[in-house]
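Structure first, then comments.
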Ligand SMILES: [Zn+2]
């Protein structure tokens, strides 16, 4: 699999050149100098590309094969993590992972979509598209968090809930709806972060948080750009146009009042420096959790209700 | 109430089965006598298929005559994304409003069933596929809040393609908003009856509509999360006969019962008696 995007190509070319020159840099000061110039140039080009990313380019970054995923972040920021499996009803959905662990001295329950990276893992994880049992596993873990009064951190990264026969038979709609209602009244703090792709109801089913964060180049949308293009123009190749009209970037969602914070990514995107990304994200989560710490449960739940109650834009006239 | 008298002629016509004495049923393809269908609450006498009906007809089938009062009729859609494909969202709204003579895809209000007060919400599928945007979400929330406050049972009749794409992420958030409203209603221990008419999908089934204390579907209604076309494209195979019909959902334990339109009011009355006792 190609592991860079088309618009990353100029940077990759610089990087390859630099790699080729490196062995000679020690002995030849001229080459050493040349590398410095190339590195500076590469940074400039990178900054230039990233200063004017289109929504479609961001979509590609959000889906980048090397982008850090839920298990990566867990490895970076959760100590003593124990993964817990299954919904106790039907099965264990590998498209959602969850478990318990310690986040900065704080016991937490962590749940997230998991897309997988290698072809084999992607298939095993159904490309991050959960079945009802995935959402029911998530709910089981959230209820456990509530029982033992631990905050919940959710990582969102899915193309959407899986559209299939078994999923419908086992109540995909009910599973998502159940998570929405239960999350809306779960008596512990919830911090949700869109780390990659926030695909529709299948994403929201882990996203009813007290705080909703988005990584700078992540996307969050009611429908995938491909799905939207297929409906609007009968042509999924027009996805880039759909990405524009759907207003699905972190900046768009911030201005629509849907998310609380945009978490900046390292230059070039999260995949350029996963440890640094994890560090930035860890700080953001910590500061949000700290703000929720002191709240009484009633206040926490009231604030969460008001947060979602406010969402939407409409007009209102008095009608005789 | 006024709106419904005023709109009845226009609305009724829209839903009226094509002119002529006979018509072909959408479901069984049998040719049936039109008057027989009209008399039968727009249900096919041959196969029991429930034809779509207008909000006005729906209300008169469910509530005591003349008891309905509409709430929040002044809520109207905006265009927060400035959304445009081949047609601007603003123009689509205008077209839908002209066609249905309603501001949005849902009407909420109060009425009585055998003299017991209820809060009722009804979707209008002919308004942009009954899609849920900010106004529909707000109406459901207000209906649920008032139902909780007055301790009147909430009944919502859904018929919707799901979330309204033209309002982007804001329509997705209506799923969370309406589910949170249902949670508040549940905390107040006020019952919520969710009635699923043909078709109910996507963001509507995946939120409040599947969260009823009692979930009732009309016979043969298509109900699901993903649409058949999307599923077929994903799994690259044909879907089994009867897939996502009410009877399929009942078999899989997803709904409480299937009720013919004509029996809805009397069954709701029984349930209301149970819940208010
Ligand atoms: Zn028929």
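Chains as they are written, first to last, in this note's numbering: chain Y, 905 to 1224; chain P, 790 to 1066. C-beta: ideal position from N, C-alpha, C; glycine also. Only a predicted model underlies this, so the values are computations on that prediction, with no experimental measurement involved.
Per the coordinates, the alpha-carbon of residue 919 of chain Y lies some 8 Å from the alpha-carbon of residue 943 of chain Y. Chain-ordered, the chain Y residues with CB closer than 7 Å to the CB of residue 866 of chain P read 1218. According to the DSSP assignment, residue 913 of chain Y belongs to no beta strand (DSSP E) but to the alpha helix (DSSP H) extending over 913-929. Taking 7 Å as the cut-off, the C-beta of residue 838 of chain P counts as close to a heavy atom of ligand 1. With a threshold of 8 Å between beta carbons, residue 994 of chain Y makes no contact with chain P. Here the distance from the Cβ of residue 828 of chain P to the nearest heavy atom of ligand 1 is not below 7 Å.
A straight line joining the alpha-carbon of residue 972 of chain P with that of residue 1088 of chain Y spans about 7 Å. The bridge partners DSSP lists for residue 867 of chain P come to none. A heavy atom of ligand 1 is found nearer than 7 Å to the CB of residue 817 of chain P. Within the region 1120-1138 of chain Y, the residues whose Cβ lies closer than 8 Å to some Cβ of chain P are 1124, 1125, 1126, 1127, 1131, 1132, 1135, 1136 and 1137, listed in chain order.
Going by DSSP, residue 895 of chain P is part of the beta strand (DSSP E) stretching over 895-902. For residue 1108 of chain Y against residue 1082 of chain Y, the beta-carbon gap comes to about 12 Å, at or over 8 Å, which does not count as contact. Ranked by Cα distance from residue 949 of chain Y, the options Y/1166, Y/1096 and Y/915 are led by Y/915. Chain Y places no beta carbon closer than 8 Å to that of residue 834 of chain P, leaving this residue out of the contacts. At least one C-beta of chain Y is nearer than 8 Å to the C-beta of residue 927 of chain P. Here residue 1124 of chain Y is not near residue 1074 of chain Y, since their CB atoms are 8 Å or more apart. Going by DSSP, residue 858 of chain P is part of the beta strand (DSSP E) stretching over 858-860.
Just so you know, the alpha carbons of residue 1221 of chain Y and residue 1162 of chain Y end up roughly 25 Å apart.
Annotation: residue 959 of chain Y to residue 935 of chain P spans about 40 Å, alpha carbon to alpha carbon.
By the rule that beta-carbons nearer than 8 Å mark a contact, residue 973 of chain P touches chain Y.
When DSSP reads this structure, residue 943 of chain Y sits in no beta bridge, so it has no partner. Bounds of the alpha helix (DSSP H) holding residue 1134 of chain Y are 1129-1137.
With a cut-off of 7 Å, the C-beta of residue 1051 of chain P is classified as distant from ligand 1, since no heavy atom of the ligand falls inside that distance.
DSSP places residue 1124 of chain Y outside any alpha helix (DSSP H); the residue lies instead in the beta strand (DSSP E), whose first and last residues are 1123-1125. With 16 or more neighbouring CB atoms inside 10 Å of its own CB, residue 878 of chain P falls in the buried class. The shortest CA-to-CA distance from residue 977 of chain P to any of P/917, P/943 and P/1007 is the one to P/943.
Pairing residue 902 of chain P with residue 1054 of chain P gives a Cβ-Cβ distance under 8 Å. According to DSSP, residue pairing for residue 811 of chain P in a beta bridge involves P/822. Leaving aside the five residues that flank residue 919 of chain P on each side, the residues in its chain whose CB is nearer than 7 Å to its CB run, in chain order, 894, 912, 913, 948, 949 and 950. By the beta-carbon neighbour count (other beta carbons within 10 angstroms, threshold 16), residue 959 of chain P is buried. For residue 1069 of chain Y, the secondary structure class from DSSP, reduced to helix, strand or coil, is helix.
When the beta-carbon positions are compared, residue 917 of chain P and residue 1126 of chain Y stay at least 8 Å from each other. Going by C-alpha positions, residue 954 of chain Y is about 7 Å away from residue 1172 of chain Y. Distances from the CA of residue 1121 of chain Y to each of Y/1216, Y/1040 and Y/1165 were compared; the closest alpha carbon is that of Y/1165.
Collapsing the DSSP output to three states places residue 1164 of chain Y in coil. By the Cβ-count criterion, residue 863 of chain P is exposed, with fewer than 16 other Cβ atoms from all chains shown falling within 10 Å of its own Cβ.
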